[in-house]
Amino acid sequence: MKKFYMSAAQRGQPPGSAVYTGDKVDVPVRVRMINYNETMIEELEPAAVEETFVAPDPAVVNWINIDGLNDADAIAKTGKFLKLHSLVVEDIVHTHQRPKLEDLEESLFLVVRMLSLNPETQDVQSEQISFILREGNVLVTFQEAPGDVFEGVRERLRKAQGRVRHKGADYLLYALMDAVIDHYFKVLESFGERIEVIETELMDDPYPELLQQIYSIKRELLYIRKSVWPLREAVGALERNESDLIQESTRLYLRDLYDHAIQVIDTVESFRDMLSGVQDLYLSSLGNKTNQVMKVLTIIATIFIPITFIAGIYGMNFEIIPELHWRYGYAAVWAVMIIMVAIMLAYFRRKKWF
Amino acid sequence: MKKFYMSAAQRGQPPGSAVYTGDKVDVPVRVRMINYNETMIEELEPAAVEETFVAPDPAVVNWINIDGLNDADAIAKTGKFLKLHSLVVEDIVHTHQRPKLEDLEESLFLVVRMLSLNPETQDVQSEQISFILREGNVLVTFQEAPGDVFEGVRERLRKAQGRVRHKGADYLLYALMDAVIDHYFKVLESFGERIEVIETELMDDPYPELLQQIYSIKRELLYIRKSVWPLREAVGALERNESDLIQESTRLYLRDLYDHAIQVIDTVESFRDMLSGVQDLYLSSLGNKTNQVMKVLTIIATIFIPITFIAGIYGMNFEIIPELHWRYGYAAVWAVMIIMVAIMLAYFRRKKWF
Amino acid sequence: MKKFYMSAAQRGQPPGSAVYTGDKVDVPVRVRMINYNETMIEELEPAAVEETFVAPDPAVVNWINIDGLNDADAIAKTGKFLKLHSLVVEDIVHTHQRPKLEDLEESLFLVVRMLSLNPETQDVQSEQISFILREGNVLVTFQEAPGDVFEGVRERLRKAQGRVRHKGADYLLYALMDAVIDHYFKVLESFGERIEVIETELMDDPYPELLQQIYSIKRELLYIRKSVWPLREAVGALERNESDLIQESTRLYLRDLYDHAIQVIDTVESFRDMLSGVQDLYLSSLGNKTNQVMKVLTIIATIFIPITFIAGIYGMNFEIIPELHWRYGYAAVWAVMIIMVAIMLAYFRRKKWF
Amino acid sequence: MKKFYMSAAQRGQPPGSAVYTGDKVDVPVRVRMINYNETMIEELEPAAVEETFVAPDPAVVNWINIDGLNDADAIAKTGKFLKLHSLVVEDIVHTHQRPKLEDLEESLFLVVRMLSLNPETQDVQSEQISFILREGNVLVTFQEAPGDVFEGVRERLRKAQGRVRHKGADYLLYALMDAVIDHYFKVLESFGERIEVIETELMDDPYPELLQQIYSIKRELLYIRKSVWPLREAVGALERNESDLIQESTRLYLRDLYDHAIQVIDTVESFRDMLSGVQDLYLSSLGNKTNQVMKVLTIIATIFIPITFIAGIYGMNFEIIPELHWRYGYAAVWAVMIIMVAIMLAYFRRKKWF
Amino acid sequence: MKKFYMSAAQRGQPPGSAVYTGDKVDVPVRVRMINYNETMIEELEPAAVEETFVAPDPAVVNWINIDGLNDADAIAKTGKFLKLHSLVVEDIVHTHQRPKLEDLEESLFLVVRMLSLNPETQDVQSEQISFILREGNVLVTFQEAPGDVFEGVRERLRKAQGRVRHKGADYLLYALMDAVIDHYFKVLESFGERIEVIETELMDDPYPELLQQIYSIKRELLYIRKSVWPLREAVGALERNESDLIQESTRLYLRDLYDHAIQVIDTVESFRDMLSGVQDLYLSSLGNKTNQVMKVLTIIATIFIPITFIAGIYGMNFEIIPELHWRYGYAAVWAVMIIMVAIMLAYFRRKKWF
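Top line first, the protein sequences correspond to chains A, B, C, D and E.
Numbering of the first sequence is given in numbering that gives the first Met the number 0, commencing with residue 0 and proceeding in unit increments.
Numbering of the second sequence is given in numbering that gives the first Met the number 0, commencing with residue 0 and proceeding in unit increments.
Numbering of the third sequence is given in numbering that gives the first Met the number 0, commencing with residue 0 and proceeding in unit increments.
Numbering of the fourth sequence is given in numbering that gives the first Met the number 0, commencing with residue 0 and proceeding in unit increments.
Numbering of the fifth sequence is given in numbering that gives the first Met the number 0, commencing with residue 0 and proceeding in unit increments.
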């Protein structure tokens with residue numbers, strides 16, 4: 000079951016303790032750093048964040064990516080080095096945060112959830128990603144585990160594709176967020192396909208397992224929805240934010256990002272509506288099938304019960320049953336029975352039962 | 000299945016790449032230009048946008064219409080010639096945009112969806128239309144494919160009907176948007192007729208296929224709804240926009256347009272409510288039918304099972320069954336049976352089962 | 000089917016063409032004028048609006064009522080005479096407007112829908128009424144057809160009842176609107192009675208036609224609702240309007256009008272809720288009835304099928320069936336059967352099936 | 000049926016006519032006056048309002064309570080004496096007002112509905128109460144009929160309990176409103192108990208009448224809800240009102256009153272949710288019962304129909320049926336039947352049908 | 000049944016009477032006091048609040064905790080000693096308050112509900128907790144009964160863990176509120192587990208009791224929801240409050256608290272959605288089961304009724320039934336029956352009934 004709430008581990012803690020509360024506990028901390036500007040790019044993998052820079056060079060964008068939040072000491076040191084408020088450090092390691100933006104004066108702190116599909120089970124997986132945009136063209140990103148949706152951005156940085164190498168750390172933040180939201184669409188597309196399959200099978204022949212599938216998609220959408228509504232708020236706050244850390248020319252891109260976030264919500268809501276419709280359709284076709292079954296039973300019973308009764312009559316052993324001795328008694332009984340069946344069939348035909 | 004989300008093609012792209020993401024990929028770019036004022040009108044078909052004008056003459060309205068977004072080069076050149084921000088060019092070719100208005104200082108950028116009915120399948124088709132209203136009385140429109148709802152406006156321009164020839168490019172934008180929204184009503188009218196047909200058939204004789212029809216209309220309405228809510232926002236923003244590009248005298252018309260957009264939403268919501276009602280009606284009449292079928296079965300079974308039992312009794316081969324030897328035994332059995340049937344019928348009649 | 004959208008006629012028109020789009024096409028234009036102040040009243044019926052006045056006398060209230068919108072020429076002339084913007088003229092003849100208030104500087108333009116019950120079918124009929132309140136104590140009203148809810152106001156004017164003769168054209172507007180909204184209550188009262196009848200019959204004996212009645216009332220309420228929500232907005236705008244055309248002393252009355260409009264909405268919403276409740280009740284009582292029918296069937300079948308089987312056993316023709324030759328075999332079989340039936344009945348009694 | 004709309008009587012009236020529209024038409028007007036301050040209290044019963052005071056003494060709180068609104072003349076005189084605007088007088092006698100607060104400069108006009116339970120039928124009764132708080136420490140209350148929820152306040156006044164004798168007319172207004180809202184809780188408590196009873200019976204043994212009870216409670220709640228939402232608005236407006244008539248020290252009490260009004264709404268909404276839940280529970284348990292009935296039928300039929308068929312086989316009169324002449328034929332048939340029944344029972348047991 | 004409304008005891012009271020209205024009536028008042036700063040901590044248990052301090056020392060945080068609200072005298076004295084407005088004292092003892100924050104100038108008054116699980120029945124219990132944050136670093140908390148969720152905070156105070164000893168009374172308020180809200184998550188986690196169990200059992204084998212469990216969880220959630228929505232408002236008001244009692248450095252923590260309150264609401268709403276889904280699933284699987292039962296019955300009946308009829312035919316005693324004398328008559332009848340059964344089975348197989 001997907002967690003809809005903070006874990007027990009998190010609850011026992013006093014506020015202010017920076018202990019990781021997620022489930023990726025055996026991931027070692029890994030620091031990667033990409034420094035670039037229009038003319039150069041270098042990728043480093045320092046042992047710890049403290050080795051990344053002394054004073055950042057504003058002419059060069061520094062992107063520090065940290066995978067693995069499990070080593071409390073390392074995270075604490077990182078927080079101290081980056082001069083982060085202890086509550087921010089807590090928010091980074093206490094995963095299951097609501098997506099949000101916090102303006103911390105000299106830096107912006109953005110927490111979102113990255114969705115992906117488990118390639119095997121096709122379940123939705125999610126991971127918390129924290130962004131810290133600092134003065135001096137520095138962007139720090141924290142992830143729970145290696146493996147992310149940022150590879151495309153790295154590729155573009157290396158190959159100097161698109162605008163990203165010509166812009167600052169704020170544009171890099173946009174590009175990474177864009178990659179995160181694009182991944183939401185990928186996840187939703189897979190849901191779209193599953194709904195389509197269910198629709199087709201429903202039209203064809205509804206079977207009970209479809210309902211559990213519908214329910215399970217509904218549940219996953221509920222989970223996505225919980226991430227996506229606050230995501231929209233956070234991106235909206237980012238767009239409207241008046242911090243100097245965001246350049247004017249980047250705002251237009253952030254508005255675009257906001258449009259995408261709304262489109263994600265629209266799609267999730269449409270899917271929910273469609274699933275309701277699909278479920279109604281299932282229930283009605285179930286009602287239809289029961290009705291069909293009932294009709295078959297009723298037709299058979301209504302035709303045969305009366306004539307069986309007649310057969311029963313002439314199976315009685317009374318001494319005196321005059322009809323039994325008629326010459327054409329047997330034929331007459333058959334005739335009566337056939338007439339009765341014909342009347343029944345005509346009745347059902349008029350009622351359009353078959 | 001109608002796309003409720005951006006296509007996979009769009010997702011792989013780095014932000015900033017202006018590659019067409021729709022499905023009308025084999026449409027060549029076609030540029031048409033209509034220049035007019037109160038006294039003259041000329042229709043040109045230049046090979047490329049670059050040939051349309053050097054400096055627009057503010058005394059003449061220039062309407063440049065571009066069909067086909069598939070040729071990335073041509074679109075890029077067009078964007079450069081019109082001095083459009085690269086994000087705007089992307090929005091034009093990345094169809095599946097949410098309808099929106101963007102105020103780009105020297106120009107207004109409006110994206111909407113044009114709905115039409117596939118004349119064969121009666122499905123809803125949609126196409127993205129982008130409007131750029133620029134200084135110098137210039138309106139540029141981008142469409143995914145030829146064939147549009149603007150023919151009426153062109154006709155009025157040619158024949159100098161109505162006010163359109165006496166007004167500027169902002170009024171032309173209004174007239175074209177009015178044509179787009181009027182087409183929504185045409186689409187909705189066809190839905191209204193389909194709902195009416197379903198209603199009539201429901202009252203008459205509900206059959207299972209009606210439900211799939213209801214579901215399919217619901218789905219199409221969901222799709223329209225997704226276009227229409229942001230359309231209202233965009234038209235509202237256009238009305239309230241304080242740009243110099245919109246003359247004061249045009250605002251009254253835009254308010255009218257806004258009223259129409261609200262009326263479209265009202266109608267869509269009413270249709271949704273009506274479909275819910277129709278579906279409830281279907282389900283209840285299904286329940287009624289099952290109830291009817293059950294009653295037929297129960298009446299037949301309740302009448303014949305007991306008397307068949309009596310016939311069974313006197314079909315037994317016991318040596319000593321005194322009744323079998325009575326003179327009027329057979330007649331007495333018939334009498335008993337007829338009385339039992341009469342009681343049953345009276346019972347059902349009192350219960351109003353038939 | 001009630002129209003929920005603009006008619007096809009309206010769509011083909013270029014914006015700005017003042018052609019009547021309603022269905023009351025054979026109504027000739029009829030102009031009536033009532034001039035009054037505290038001391039005098041005169042009723043005139045001029046051939047055309049142009050003959051009504053040259054310069055209105057502000058000391059006298061002029062109420063010009065125009066029935067019939069079908070004669071485009073006459074309407075156009077009227078519009079010109081009253082110096083109405085062409086869009087206003089269009090709104091007057093394009094019926095199916097959303098109720099709205101427009102402040103046109105020297106005049107106020109209010110469009111609402113007047114509801115009435117078709118006296119024969121008890122269906123809801125609706126007609127668009129436009130009010131133009133102008134400087135110089137002039138109120139112009141446009142109706143689609145003769146026959147209105149204003150007769151009571153005319154009567155009060157003639158007999159100098161109430162306050163209306165002591166007040167200006169703005170109060171007359173209030174009095175007429177009050178008559179319109181009061182008529183909504185009359186229509187709603189008839190719905191209330193129909194719902195009450197349905198409720199009583201449901202409690203008594205639910206029959207399938209009730210559902211169609213519920214659906215049809217729902218549909219009519221949907222239609223009323225579409226008129227009534229924007230009506231509230233329009234009346235609210237009228238109350239808050241700061242035009243000099245509305246005297247301060249009239250505002251208190253308009254607030255009262257607004258209260259009434261909200262009460263109409265409250266009532267419509269309550270009726271919708273009640274209809275949902277009634278429908279749920281119908282469906283559940285249908286379920287109950289099916290359950291009852293099933294129980295009858297099951298009781299009969301469960302009692303007779305086993306004993307019929309026993310009768311069948313002793314109807315077999317095996318050479319050796321010892322029981323057949325017992326002296327009290329027949330009586331014993333009856334005893335067994337009666338015991339079985341008694342057990343069954345006890346079982347059903349314990350299950351409270353009857 | 001509870002009235003959800005203005006009565007027919009009210010509709011025929013011209014606006015401005017102060018004729019009582021409620022159903023308590025045979026109640027004579029009765030005026031009671033209580034004058035008090037910290038040191039004294041006197042209770043008077045003048046014949047008419049005109050006799051109550053010439054100029055109120057601001058050092059003494061004057062509470063004038065008028066029961067019975069049916070005497071148009073008396074009410075008109077009262078209105079004139081109290082210098083009430085004619086619309087206010089109309090609002091007082093036109094019961095079925097939406098609860099509201101009106102700030103009339105020198106006085107505050109508050110209309111609410113008082114709910115009570117009919118002690119016999121346990122139905123909700125309601126009565127309109129109007130409050131007029133005037134300068135000079137005067138509070139006038141109008142009721143449709145004698146018998147109210149104010150007796151507790153009168154008692155406290157007489158016995159000088161609580162704060163009420165130490166405070167002004169604004170606190171008296173609060174104390175009376177508090178009594179009105181407290182009575183809402185009493186009414187709701189009775190609903191809570193009825194819902195609790197229904198719940199318990201549902202868990203025990205659902206029977207069809209429960210549904211009508213649920214529907215009837217729903218309907219009453221709908222009625223309460225219509226009074227209670229605008230009541231909250233009115234009390235909120237009273238709290239925020241900046242009139243000098245309300246002393247600063249009373250505002251804290253009004254905030255408390257507002258909290259109570261919200262709590263009433265919360266409770267009504269919770270009850271609605273609970274009733275929906277109860278209704279769902281009823282419907283599902285109905286489905287369960289039908290399922291149970293079906294299972295009994297199916298088990299009996301499935302067990303006996305096949306073995307009855309076998310008995311039928313050996314009841315046939317063919318000349319040559321070898322089995323009939325077997326020595327252990329009869330026993331073999333029994334054996335076969337018992338085996339078949341055992342298989343059936345095992346099948347049903349595995350399906351967990353019993 | 001959980002109380003959704005004020006008790007009868009509360010209603011009879013005049014406003015302003017401070018009599019405890021909860022159900023924990025036999026709890027003696029117990030006062031505990033913890034005084035601490037960075038360097039020292041002392042725990043006292045004075046006999047009454049009056050003994051706690053004369054003038055608080057602002058350098059030391061004083062946390063006075065009072066358990067038991069039943070002794071009206073003691074509470075009244077406490078209120079007087081703490082100089083609380085009588086309405087505040089009433090709010091403290093009138094439990095069933097809506098959670099709220101009131102800014103009383105020199106102090107902040109916060110009322111919330113503390114939830115916990117009854118360890119035996121797993122029902123939700125709730126208790127009202129009132130906080131009064133006063134000048135001079137004083138925090139007073141009132142509880143209905145001993146036993147609370149504050150033990151963790153006390154432990155941290157004693158052991159000087161976390162930040163709490165380094166901060167003022169406002170941080171202590173935050174820490175206590177954090178403990179309260181953390182406990183909501185504990186309660187919700189238990190609900191999450193119960194829903195998960197229900198889901199699993201539903202997928203497996205739905206049985207009727209699940210529905211009552213679903214309903215009972217729904218009801219408890221309804222109860223939690225009533226506490227939690229106003230809790231969010233109260234915490235939001237606390238965060239935005241501009242009182243000097245809250246230090247700037249504490250605000251960031253309060254924002255965190257607010258995030259948690261929203262997360263509680265999100266979780267409650269998600270659970271409600273999930274329960275709806277689970278209930279739909281239950282109802283559909285019930286429909287499926289009825290359908291299955293019907294199919295079994297129909298298959299058995301449809302196969303055996305016709306062949307039983309044939310057996311009945313040849314059980315008739317007509318003198319002349321030629322078939323009875325055929326040599327292979329009996330075998331032929333068997334053949335016909337087997338063919339009929341085969342046809343039926345093929346029909347059901349094609350219909351996918353088994």
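Built from N, CA and C at the ideal position, the CB exists for glycine as well.
Looking at residue i: is its Cβ nearer than 8 angstroms to the Cβ of residue j?
| i | j | result |
| --- | --- | --- |
| B:Met-293 | C:Met-293 | yes |
| C:Val-60 | C:Ala-168 | yes |
| E:Leu-201 | E:Tyr-281 | yes |
| D:Gln-142 | D:Asp-243 | no |
| C:Asp-265 | D:Lys-225 | yes |
| A:Gly-314 | E:Met-343 | no |
| D:Ile-299 | C:Ala-341 | no |
| D:Val-186 | D:Val-227 | no |
Checking contacts by CB at 8 angstroms: is residue i closer than that to chain B?
| i | result |
| --- | --- |
| C:Gln-127 | no |
| A:Lys-336 | One point to set straight first is that residue 336 of chain A is Met, not Lys, in the sequence displayed. No, A:Met-336 lies away from the interface with chain B (no Cβ there is under 8 angstroms from its Cβ). |
| A:Phe-130 | no |
| A:Ile-264 | no |
Does the beta carbon of residue i sit closer than 8 angstroms to a beta carbon anywhere in chain C?
| i | result |
| --- | --- |
| B:Glu-318 | yes |
| B:Met-273 | yes |
With 8 angstroms as the threshold, decide whether the Cβ of residue i is near any Cβ in chain D.
| i | result |
| --- | --- |
| E:Gly-235 | no |
| E:Gln-166 | Reading the sequence as shown, one finds Lys at residue 166 of chain E and not Gln. No, E:Lys-166 does not count as interfacial toward chain D. |
| E:Phe-303 | yes |
Any C-beta of chain A sitting closer than 8 angstroms to the C-beta of residue i?
| i | result |
| --- | --- |
| E:Ala-58 | no |
Would you mind sorting residue i into buried or exposed? The rule is 16 or more other CB atoms within 10 Å of its CB.
| i | result |
| --- | --- |
| A:Ser-125 | buried |
Just checking: is the beta-carbon of residue i within a distance shorter than 8 angstroms of some beta-carbon in chain E?
| i | result |
| --- | --- |
| A:Arg-193 | no |
So, is the C-beta of residue i closer than 8 angstroms to a C-beta in chain G?
| i | result |
| --- | --- |
| E:Gly-328 | Checking the listed chains, one finds no chain G in this structure; the protein chains it contains are A, B, C, D and E. |
- Do the segment 330 to 341 of chain D and the segment 310 to 328 of chain E make contact, defined as three or more Cβ pairs closer than 8 angstroms? The way I'd put it, the segment 330 to 341 of chain D doesn't touch the segment 310 to 328 of chain E; fewer than three beta-carbon pairs between them come closer than 8 angstroms.
- Message: Contact between the segment 101 to 111 of chain B and the segment 125 to 136 of chain B is defined here as three or more beta-carbon pairs at a separation below 8 angstroms; is this criterion met?
- Response: yes
- For the segment 150 to 158 of chain D and the segment 228 to 245 of chain D, state whether three or more C-beta atom pairs, one from each stretch, are separated by less than 8 angstroms. no
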